[in-house]
Each structure stands twice: as structure tokens, then as C-alpha cells.
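In this note's numbering, the protein residues as written are 2 to 355.
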Amino acid sequence: MSFESDDTNAKADSTAFAKAMREMFGLIDANVFEVVFPEDMDPFDYWAFNIMGKISQVRSSCIGRKLMILHFAGHGALDDSNRLLLEGNPTGHNQCLPWDIIEAPFRPYMKHPYGEVDVACVLDCCYPGAFNTPSASPGRTVEVLAATDARSTIAARALQDIGATFTQRFIFEMRSIVADKGKPPVTFPDILKKMQNRKREPSKSPPVYRTLYGDAPILLPVTSLQRSPAPSIDTTDPLALDFWRPEEHSVALKAHLPTSINDDSTRTIVKWLHQLQKDYKVEVMGVHDTNSAVVFLTVPYANLYILYRLEQQGLCKVDVICENLYSLNLLDTFVNSENTGVTAAPTVGSIESK
2 MSFESDDTNA
12 KADSTAFAKA
22 MREMFGLIDA
32 NVFEVVFPED
42 MDPFDYWAFN
52 IMGKISQVRS
62 SCIGRKLMIL
72 HFAGHGALDD
82 SNRLLLEGNP
92 TGHNQCLPWD
102 IIEAPFRPYM
112 KHPYGEVDVA
122 CVLDCCYPGA
132 FNTPSASPGR
142 TVEVLAATDA
152 RSTIAARALQ
162 DIGATFTQRF
172 IFEMRSIVAD
182 KGKPPVTFPD
192 ILKKMQNRKR
202 EPSKSPPVYR
212 TLYGDAPILL
222 PVTSLQRSPA
232 PSIDTTDPLA
242 LDFWRPEEHS
252 VALKAHLPTS
262 INDDSTRTIV
272 KWLHQLQKDY
282 KVEVMGVHDT
292 NSAVVFLTVP
302 YANLYILYRL
312 EQQGLCKVDV
322 ICENLYSLNL
332 LDTFVNSENT
342 GVTAAPTVGS
352 IESK
């Protein structure tokens, strides 16, 4: 994201950031949205009318947990309440967008039936550490790596004496981790540590990292950490080599049933869950009895909606245990995912799939 009225060469950093993310995550063009706030339009209106719809489209584009990486380069400022503002230069139109407006879509409301969207933000502007830290946890992770703390400005981005902008440093350090032959995990704290280990001028404020939602940093699914695909064994299929399929990702969760482990309805649901193993790869890992029954399962993201349908009918409460697993990138082929159906159903209630 940047402003058309920007005078800090933010456009070049935005282009470089998008190029690096394409390479390190194996993204296609459909996965990348360039947001340039126009000179002649209020950025709030542009965000509401043009960007919110794209976020909603991505959220529902495929089944499974998704990751949004958000980058902003340009000016930053503080309002009268010391809240972060993203800014362009004056044009006669408002060129200021509060950070709260951008962060709002990722606040907790309800579980999304297609899977949650984790958000990783990179802010290359002045005062970026002034973002608010909400108190509620929405079942997703939202984290920010910012150029400085809430009180500090960065070196003027347009000056010739800058060794590298924060965006350029971020890309360099992330590339160095991805290229490591040991295939270490790639997270924002790892990138921050690499930055902190570099020499910097004492007068310049160090970057900061904070998790707004979630208990653990996002494990970035870069290409070096993706599972190796296996080719189709059907060599008679002329298209077989075009459909290399990685092992399907699953999510670990626990389902709380309102009845005891010896209750007939509990036994019926657990038996039905066991029957999903063959066709839907739902694995029942264990059943425990506390004040009620707790079932531990692993479920492929593509079939996670089955458990959410149970929850919507009041038959159980679902808690995800593993937060940082991601399904295959199906944005280009799974645009219409509502044709998926379920043929099995528990005797204590039916599941209807659109």
C-alpha cells in the first residue's frame, strides 16, 4: 500500500516487496493486490469501496486457513490521541487514513466457515509502533513488524544518504533466512532478530514487533518450507504431470460435546466421526471425559466445515489447537467452493452444506 501523492519513493519499495513475496511464497498475480490511494479521493472511501470487497473475496475464495501479508510504505503521523495515521502529501483532498480503519476487518466477530485469515503487517513509515493492541483474541493471528517505536521517526526515505529503507532491509533479511540450507522456520521475530544483529547508527531507532491477536508468531509458509509434492502414479493420464499434489494439510482441534462420555448421543456422534475417516480423512485421536466429553481430532482444511456445521447446530464447540497450518493455495482454482457437499450425517442431527 502507498499513496499516489507520496514523495518518499514508496512506489519502488511497494513494487520490490510484491516481487519478493511472489518469489518467496510462490504466489501468482491473482494473489497480489496493489493498493495506491488516489490523490483525488478520500483514502477512507477508497478503502471501503475498493479494498474491503477484495479482502472479503479472498476470505471466501477457498476452504482453509489463509494468510494476508500487508505492507505500507510512506509517511506516518500521530493524531491528537496519539493514534497512528498513514499519510500521503496534501492535495486538496484528505490524504490521511487511520490505522484503526485498516485493522478493523481483522477484529473478532465470529468464526468464518471457510477458515480464518491470519495477517502479517510490515509498516515502513514514521511512528509505526503506535498501532493499538486490542484485548480480545479472535482465533486468528495478527502481527506487525514496524520500522520504529511509537515515538520515533525513520530517516527521511527520499534522502541519498540512506543505506537502505526498512522495506529493503526486511526483504534482505527474509531472503537470507529462506535461502538457509538448514531450512529454519521463518517468522517475524526471526526476521527482527536478524535486523537487530546488524550494525545501525545509535541515532536511529530499532524496529519493533508486536502480536495484536494470537499467542504465537505466524509460521510463514515460504517455498523452502512447503512439502515436496508427489507425482500422480497414473502414467496413462496425459495430464498427470500437470497435477503434482502435495500432501494435504490438516488442522488439529478439539470438539467439546455437552453430554458425558457415556451418554448415547455422545457415543453416536463419536461413532459418526470415526466413519468420516475413510472418505473425509477425519482422524479421531482420542476421547476424554471431564464434566463433558472432549474429542481430539485432525481434520483436513477442505473438510473443516463439517465440524463447523456441527457447532452451528449446537452439537459441539470447536477449538482449534494448531493455529499456523495453511491449506494449498487454491485461489485460482477454488473460486467457487460452495459446490462441496457432505453425504454422511450423524443420527442426532443433520448437516446441510451449500
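Don't be surprised by glycine CBs; every beta carbon is placed ideally from N, CA and C. Predicted model only: the values in this text are computed from it and were never measured.
Mapping DSSP to helix, strand and coil, what is Leu87? Three-state DSSP puts Leu87 in a strand.
In this structure, does DSSP put Val179 in helix, strand or coil? Looking at Val179 - three-state DSSP - the assignment turns out to be helix.
Is the Cβ-Cβ distance between Val37 and Ser3 less than 8 angstroms? The answer is yes: Cβ separation under 8 angstroms.
Under 8 angstroms between C-beta atoms of Leu254 and Leu220: No.
Buried or exposed: Glu174, going by 16 or more other Cβ atoms within 10 Å of its Cβ? Classified as buried, Glu174 has 16 or more neighbouring CB atoms from the shown chains inside 10 Å of its CB.
Exposed unless 16 or more other CB atoms sit within 10 angstroms - verdict on Ala217: Exposed: under 16 other Cβ atoms inside 10 Å.
If we count the other Cβ atoms within 10 Å of its Cβ and call it buried at 16 or more, is Ser15 buried or exposed? Label assigned to Ser15: buried.
For Val283, which option in His289, Thr299 and Lys272 has the closest C-alpha, if you only look at C-alpha atoms? That would be Thr299, whose Cα lies nearest to the Cα of Val283.
Would you report the Cα separation of Glu5 and Thr168, rounded to the nearest angstrom? Roughly 18 angstroms separates the two Cα atoms.
Name the DSSP bridge partner or partners of Leu79? Leu79 has Leu85 as its beta-bridge partners, per DSSP.
For Lys279, tell me which candidate among Val143, Asn304 and Ile103 has the shortest Cα-Cα distance. Selection Val143, Asn304 and Ile103 evaluated against Lys279 yields Asn304 as nearest (Cα-Cα).
Assuming His94 and Asp43 form a contact by the criterion Cβ under 8 angstroms, report the distance between their Cβ atoms to the nearest whole angstrom. For His94 against Asp43, the beta-carbon gap comes to about 6 angstroms, under 8 angstroms, which counts as contact.
Nearest neighbour of Thr176, chosen from Thr267, Met69 and Lys195 [CA to CA]: The sequence given here places Arg at residue 176; Thr does not occur at that position. When only C-alpha atoms are compared, the closest one is Lys195.
Of the residues Val123, Asp119 and Phe45, which one's Cα is nearest the Cα of Gly89? Measuring from the Cα of Gly89, the nearest candidate turns out to be Phe45.
From the DSSP output, which residues share a beta bridge with Arg211? Per DSSP, Val145.
Cutting at 8 angstroms between CB atoms, please list the residues of its own chain near Leu86, excluding the five before and the five after it. For Leu86, where only same-chain residues beyond five positions count, the Cβ hits under 8 angstroms are Gly77, Ala78, Leu79, Asp80, Cys97, Leu98, Pro99 and Trp100.
Roughly how many angstroms separate the alpha carbons of Leu331 and Thr142, rounded to a whole number? Unreliable positioning characterises Leu331 in this predicted model, as indicated by a pLDDT of 31, which lies under 50. A coordinate reading is not provided.
Taking DSSP as the reference, what is the three-state secondary structure of Pro301? In this structure, Pro301 counts as strand in the three-state DSSP scheme.
Look at the alpha carbon of Gly215 and the alpha carbon of Glu24, and state the distance between them as a whole number of angstroms. Cα to Cα, the separation comes out at about 27 angstroms.
Could you tell me the boundaries of the alpha helix (DSSP H) in which Glu24 lies? Taken as a continuous stretch (DSSP letters only), the alpha helix (DSSP H) holding Glu24 covers Ala11 to Phe26.
Compute the Euclidean distance between the alpha carbons of Tyr128 and Thr149, then round it to the nearest angstrom. Taking the straight line joining both Cα atoms gives about 6 angstroms.
Taking the beta strand (DSSP E) that Pro99 belongs to, which residues open and close that run? Counting along the chain, the beta strand (DSSP E) containing Pro99 begins and ends at Cys97 to Pro99.
Are there 16 or more other CB atoms within 10 angstroms of the CB of Ile29, so buried, or fewer, so exposed? So Ile29 ends up on the exposed side.
Can you have a look at Phe50 and say buried or exposed, based on whether 16 or more other CB atoms are within 10 angstroms of its CB? Burial call: exposed.
Report the CB separation of Val271 from Val288 in whole angstroms; it is logged as a contact under 8 angstroms. Right, the Cβ-Cβ distance comes to about 6 angstroms (below 8 angstroms), so this counts as a contact.
Could you tell me which of Gly130, Cys122, Pro259 and Asp7 sits nearest to Glu312, measuring between CA atoms? For Glu312, the closest alpha carbon among the candidates Gly130, Cys122, Pro259 and Asp7 is that of Pro259.
Tell me the DSSP secondary structure of Glu312 in three-state form. If DSSP states are grouped into helix, strand and coil, Glu312 belongs with the helices.
Identity of the residue in Phe189, Ser225 and Ser57 nearest Gly183 by Cα: Shortest Cα-Cα distance from Gly183 to any of Phe189, Ser225 and Ser57 involves Ser225.
Where does Met196 fall in DSSP's three states? It is helical.
Can you tell me the Cα-Cα spacing of Pro185 and Arg268, whole angstroms? The alpha-carbon separation between Pro185 and Arg268 amounts to approximately 43 angstroms.
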